[in-house]
Amino acid sequence: MVRVSDLPRRAVTRSAKLASLPIGFAGRTALGMGKRTFGRPAEAVAMEIQTRTAEQLFKVLGELKGGAMKLGQMLSIFEAALPPEIAGPYRATLTRLQEAAPPLPAATVHKVLAEFLGDDWRDYFDSFDDEPAAAASIGQVHRAVWHDGRAVAVKVQYPGAGKALISDFNQLARLGRLFGVLMPGLDVKSMLAELKERVVEELDYTIEAESQTVFRDAYDNDPDFLIPEVVAQSGNILITEWMDGTPLSKIISDGDQETRNHAALLYCRFLLSGPKRCGMLHGDPHPGNFRLLADGRLGVLDFGAVDRIPGGFQRRLGLLLRIGTMADIAEIEEALRREDFIREGVDVDADSLQAFLAPITEPFITETFRFSREWLRDMAARVTDLRPSNVVRQLNLPPEYVIIHRVLSAGTGVLCQLECEIPARGESLKWVPGFADDSAAEGIDEAAGDEDGELVTG
78 MVRVSDLPRR AVTRSAKLAS LPIGFAGRTA LGMGKRTFGR PAEAVAMEIQ
128 TRTAEQLFKV LGELKGGAMK LGQMLSIFEA ALPPEIAGPY RATLTRLQEA
178 APPLPAATVH KVLAEFLGDD WRDYFDSFDD EPAAAASIGQ VHRAVWHDGR
228 AVAVKVQYPG AGKALISDFN QLARLGRLFG VLMPGLDVKS MLAELKERVV
278 EELDYTIEAE SQTVFRDAYD NDPDFLIPEV VAQSGNILIT EWMDGTPLSK
328 IISDGDQETR NHAALLYCRF LLSGPKRCGM LHGDPHPGNF RLLADGRLGV
378 LDFGAVDRIP GGFQRRLGLL LRIGTMADIA EIEEALRRED FIREGVDVDA
428 DSLQAFLAPI TEPFITETFR FSREWLRDMA ARVTDLRPSN VVRQLNLPPE
478 YVIIHRVLSA GTGVLCQLEC EIPARGESLK WVPGFADDSA AEGIDEAAGD
528 EDGELVTG
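If you want the working numbering, it's the position in the sequence shown, counting the first as 1, plus 77.
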């Protein structure tokens with residue numbers, strides 16, 4: 078159990094911990110140079126430097142609460158590039174911090190409510206539960222009854238959470254060189270700039286309320302999904318309809334095969350259909366944000382992180398997914414270079430690239446696919462191989478694909494936790510524009526030239 082006193086609070090302490098990262102990096106690099114001088118193989122030395130760098134990076138992030146912890150959660154692409162002996166303890170640390178997050182005292186919650194709803198804030202509610210129903214890295218949720226009798230969820234942002242988050246991010250964004258050691262093919266500066274923009278957006282409950290309303294309208298009266306209505310929003314307070322149901326995490330642990338397949342199909346359908354139905358992608362597919370309702374529908378929560386995807390970019394994404402399932406590796410490589418997944422001047426081995434992509438694209442080729450933990454472990458082993466010869470380390474993640482990558486990676490992980498068998502290819506054909514296009518390679522150029530093809534953020 079992590080005690081409150083164990084969590085670094087003062088800005089000078091947090092900055093000192095973050096500042097230790099590049100110093101440690103310099104020391105490890107110097108050590109590696111020395112070992113090469115004494116005849117150790119360059120690849121073995123490089124792998125050792127990367128491993129030690131990763132260990133220190135995730136140790137420091139895991140020790141910090143608030144902004145750095147949130148950033149650590151968002152940087153899942155780096156976690157995915159690590160062997161389990163490093164990533165495992167890091168994930169465990171984040172889980173302990175999340176579970177140990179001390180709730181705000183009732184008096185502080187009341188002060189925030191008064192600040193944004195007025196001193197007469199209680200008049201808006203028939204009742205308000207001072208005990209939070211849920212707590213996260215930047216806020217907590219209270220159950221209440223609105224003045225019209227509706228059960229509501231009141232989301233309250235921690236005072237100072239935004240300032241701490243941005244401060245930590247600015248510190249860590251200076252460490253692009255360190256991140257680059259783990260994945261040298263990555264344009265770290267551009268990726269971190271995109272992440273920062275999304276971090277700032279996630280802090281703004283006005284944007285979250287607007288996004289949730291767009292989703293709600295798009296899925297209104299849908300037989301498969303329920304999006305709670307936004308009741309009110311002011312500053313750091315967001316009030317939405319309360320939604321009961323069985324958390325997806327409970328389905329993962331206790332659901333029978335039929336229930337898991339049903340929940341997984343709806344989960345996959347929701348993530349894939351969002352861009353086509355409302356021009357947005359739900360950006361946080363954590364199981365805690367989904368509920369299986371008594372009537373069989375899937376309820377969806379938390380719209381703080383979304384990706385706005387206009388029509389032209391939807392088609393580019395679909396064509397790219399389609400290309401990943403094609404046999405001509407030269408065509409695949411050309412498309413990846415066109416979308417900047419392989420940066421200019423970076424050479425990749427075509428056979429290694431094809432061997433890497435083939436099993437990953439399998440769910441989009443077969444009529445049905447069984448997602449399993451075993452398959453996921455095999456995929457993770459391909460990504461977490463830190464040897465310099467691993468082709469994944471030469472690949473880039475373009476800024477416009479940061480959230481998409483987060484959703485595809487995390488969403489696939491949830492499907493594997495559900496141990497489900499679903500027609501993922503059929504859902505892609507139905508909901509992802511361009512996926513069914515047989516002339517995919519030529520189509521990307523056309524889609525990229527669409528007037529609405531430029532990704533809109535913020």
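The beta carbon of each residue, even a glycine, is placed where N, CA and C say it ideally should be. Computed from a prediction, not measured in an experiment: that's the story for all the values here.
(Q) Taking the beta strand (DSSP E) that I316 belongs to, which residues open and close that run? (A) Element bounds for I316: I314 to E318.
Q) Is the number of C-beta pairs between the region 373 to 382 and the region 398 to 412 that are closer than 8 Å three or more? A) Result no; under three Cβ-Cβ pairs closer than 8 Å.
Q. Could you give the distance in angstroms between the alpha-carbon of L394 and the alpha-carbon of V509?
A. C-alpha of L394 to C-alpha of V509: approximately 8 Å in a straight line.
Q) With burial defined as no fewer than 16 other Cβ atoms inside 10 Å of the residue's Cβ, what is the status of L171: buried or exposed? A) Note that L171 scores a pLDDT of 46, beneath 50, so its modelled location is shaky; the value from the coordinates is reported in the next line. It is buried - the Cβ of L171 has at least 16 other Cβ atoms within 10 Å.
Q: Within the region 288 to 364, note down every full alpha helix (DSSP H) run reaching 4 residues or more, in order along the chain.
A: Listed in chain order, the complete alpha helix (DSSP H) runs (minimum 4 residues) inside the region 288 to 364 are 325 to 331 and 334 to 355.
(Q) Quick check on DSSP: helix, strand or coil for R385? (A) Residue state, collapsed to three classes: strand.
Q. What residue does the alpha helix (DSSP H) around W508 start on, and which one ends it?
A. That run of the alpha helix (DSSP H) goes A501 to W508.
(Q) Rounded to the nearest angstrom, what separates S429 and E410 at their Cα positions? (A) C-alpha of S429 to C-alpha of E410: approximately 11 Å in a straight line.
Q.
Here's a check: name, in chain order, each residue in its chain whose Cβ is nearer than 6 Å to the Cβ of A309, leaving out the five neighbours to either side.
A. Excluding sequence neighbours, A309 sits near I316.
Q) Do you know whose CA, among G503, D196, I215 and V423, lies nearest V469's CA? A) For the residues G503, D196, I215 and V423, the minimum Cα distance to V469 belongs to V423.
Q. Which value, in whole angstroms, describes the spacing of the CA atoms of F246 and E335?
A. Approximately 43 Å between the Cα atoms of the pair.
Q.
Mapping the DSSP letters down to three states, classify T106 as helix, strand or coil.
A. Because the pLDDT of T106 is 44, which lies under 50, any placement of that residue in the model is unreliable, and the question is left without a value.
Q. Is DSSP giving V425 helix, strand or coil here?
A. Look at V425 here: in three-state DSSP terms it is coil, with no helix or strand label.
Q: Out of I419, E279, N473 and R220, state which residue places its alpha-carbon closest to the alpha-carbon of K240.
A: Selected option, being the one with the closest Cα: E279.
Q: Under the assumption that E504 contacts R346 (Cβ atoms under 8 Å), give the Cβ distance between them as a whole number of angstroms.
A: About 5 Å separates the CB atoms of E504 and R346; that is less than 8 Å, so the two are in contact.
Q) Contact between the region 324 to 340 and the region 285 to 293: three or more CB pairs below 8 Å? A) Proximity of the region 324 to 340 to the region 285 to 293 falls short of the contact definition, fewer than three beta-carbon pairs being nearer than 8 Å.
Q. Considering only residues of the same chain and omitting the five flanking positions on each side of L348, which have a CB-CB separation below 8 Å?
A. Hits under 8 Å: L358, H359, P362, V484 and G488.
Q) On the three-state DSSP scale, how would you describe S466? A) If DSSP states are grouped into helix, strand and coil, S466 belongs with coil.
Q.
Going by DSSP in three states, S449 sits in which element: helix, strand or coil?
A. If DSSP states are grouped into helix, strand and coil, S449 belongs with coil.
(Q) Going by the DSSP bridge assignment, what does Q217 pair with across the sheet? (A) Its beta-bridge partners are A212 and V233.
Q. Exposed or buried, which one is K188 when buried takes at least 16 other CB atoms within 10 Å?
A. With fewer than 16 other Cβ atoms inside 10 Å of its own Cβ, K188 counts as exposed.
**Q.** Contacts around L303, its chain only, beta-carbon distance under 8 Å, and the 5 residues preceding and following it disregarded
**A.** If we look at L303 and ignore the five residues flanking it on each side, its Cβ neighbours are Y296, M320, L370, R374, L375, G376 and V377.
Q: Look at the alpha carbon of D301 and the alpha carbon of L343, and state the distance between them as a whole number of angstroms.
A: Near 7 Å, if we compare the C-alpha coordinates of L343 and D301.
Q: Could you pull out every residue in the same chain whose Cβ sits closer than 6 Å to the Cβ of P436, ignoring the five residues on either side in sequence?
A: The beta carbon of P436 sits closer than 6 Å to none of the beta carbons in its chain outside the five residues before and after it.
Q: Kindly indicate which residue of A212, P236, I243 and F202 has the alpha-carbon position closest to the one of D225.
A: Nearest of A212, P236, I243 and F202 to D225, Cα basis: F202.
Q: Identify, in the order they occur along the chain, each residue of the same chain with its Cβ nearer than 6 Å to the Cβ of G391, setting aside the five sequence neighbours on each side.
A: Contrary to the premise, residue 391 reads as Gln rather than Gly in this sequence. In chain order, P352 and P510 place their CB closer than 6 Å to the CB of Q391, counting only its own chain and leaving out the 5 sequence neighbours on each side.
Q) Assuming V433 contacts A501 under a Cβ cut-off of 8 Å, what Cβ separation, rounded to an integer in Å, is found between them? A) Here residue 433 turns out to be Phe, not Val, going by the sequence shown. About 19 Å; that fails the 8 Å criterion.
Q) Got a sec? Which residues, its chain only, sit under 6 Å from D264 by beta carbon, not counting five neighbours each side? A) Result list for D264: N473, in chain order.
Q) By a C-beta neighbour count over all protein chains shown, 10 Å radius and 16 as the cutoff for buried, is N313 buried or exposed? A) With 16 or more Cβ atoms within 10 Å of its Cβ, N313 is classed as buried.
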